[in-house]
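K.L.:
Read in this note's numbering, the sequence shown has 39 at position 39, and its numbers run on one by one without any break. The C-beta atom is built at its ideal place from N, Cα and C for all residues, glycine as well. The structure presented is a predicted model; accordingly, all values stated were derived computationally and were not measured. After the structure tokens below, expect a handful of questions from me.
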Amino acid sequence: MLPESAKSYLLNAIYQWCVDQGHTPYILVVVAYPGVSVPSGYEKDGRMILDVSPRACHGLSMADDWISFNARFGGVARTVDVPMAAVAAIYAAETQEGMGFADPEIPAAPPPSSAGGGAENAETSGKRERPALRVVK
Numbered sequence: 001m002l003p004e005s006a007k008s009y010l011l012n013a014i015y016q017w018c019v020d021q022g023h024t025p026y027i028l029v030v031v032a033y034p035g036v037s038v039p040s041g042y043e044k045d046g047r048m049i050l051d052v053s054p055r056a057c058h059g060l061s062m063a064d065d066w067i068s069f070n071a072r073f074g075g076v077a078r079t080v081d082v083p084m085a086a087v088a089a090i091y092a093a094e095t096q097e098g099m100g101f102a103d104p105e106i107p108a109a110p111p112p113s114s115a116g117g118g119a120e121n122a123e124t125s126g127k128r129e130r131p132a133l134r135v136v137k
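And the structure:
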């Protein structure tokens, strides 16, 4: 089994192969994974297939830990953010050739902390946001 750190390299390679062959690259995403930000209503059985071809999405970024792009869903422009760990497969839509990965383990929610105040935790508990750095003095 390959280490998780190899996943981004494999996804990029298969994506490029699909595009070079004139195929449509699709990724299969586990939507319950923390940090996944996709429009609701398009998932089936807790998974969502996303067309990441150059004609379907704009501003595609496949970094080491995240996939991010803009696309239209039902005519409405949306930003999609997917942690690399939430990707279960990448493949060519036309041939179904590609690579599948082990289903990600959904991390258990951390217990609520008493530090930081309850109102702040209540505000952010319903949202799934991409991690960000901030300056602490």
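1. Please go through the segment 9–54 and give each complete beta strand (DSSP E) segment of 3 or more residues, from N-terminal end onward.
2. Take Thr95 and list the residues in its own chain whose beta-carbon comes closer than 8 Å to its own, dropping the five residues that flank it on each side.
3. Would you list the residues sitting across from Gly100 in a DSSP beta bridge?
4. Out of Gly46, Ala6, Val31 and Ile90, which has the shortest C-alpha to C-alpha gap to Pro25?
5. Going along the chain, which residues of its own chain have a beta-carbon closer than 8 Å to the beta-carbon of Gly116, five neighbours each way excluded?
6. Please say whether Ala71 and Cys57 have beta carbons closer to each other than 8 Å?
7. Report all residues from its chain with a CB closer than 8 Å to the CB of Gly46; omit the five preceding and five following residues, and keep chain order.
8. Provide the residue(s) that pair with Ala77 in DSSP beta bridges, ordered along the chain.
9. Any idea if Leu221 is buried or exposed, counting beta-carbon neighbours within 10 angstroms, 16 or more meaning buried?
10. Comparing C-alpha positions only, which one of Gly98, Ala86, Glu97 and Ala93 sits nearest to Glu4?
P.N.:
To lay it out plainly:
1. 25–30 and 47–51
2. His23
3. Ala89
4. Ile90
5. Here Gly116 scores only 49 on pLDDT, less than 50, and its place in the model is too uncertain to base an answer on.
6. yes
7. Val30, Val31 and Ala32
8. Arg72
9. Outside the displayed span of the chain (1 to 137) sits residue 221, for which this structure offers no information.
10. Ala86
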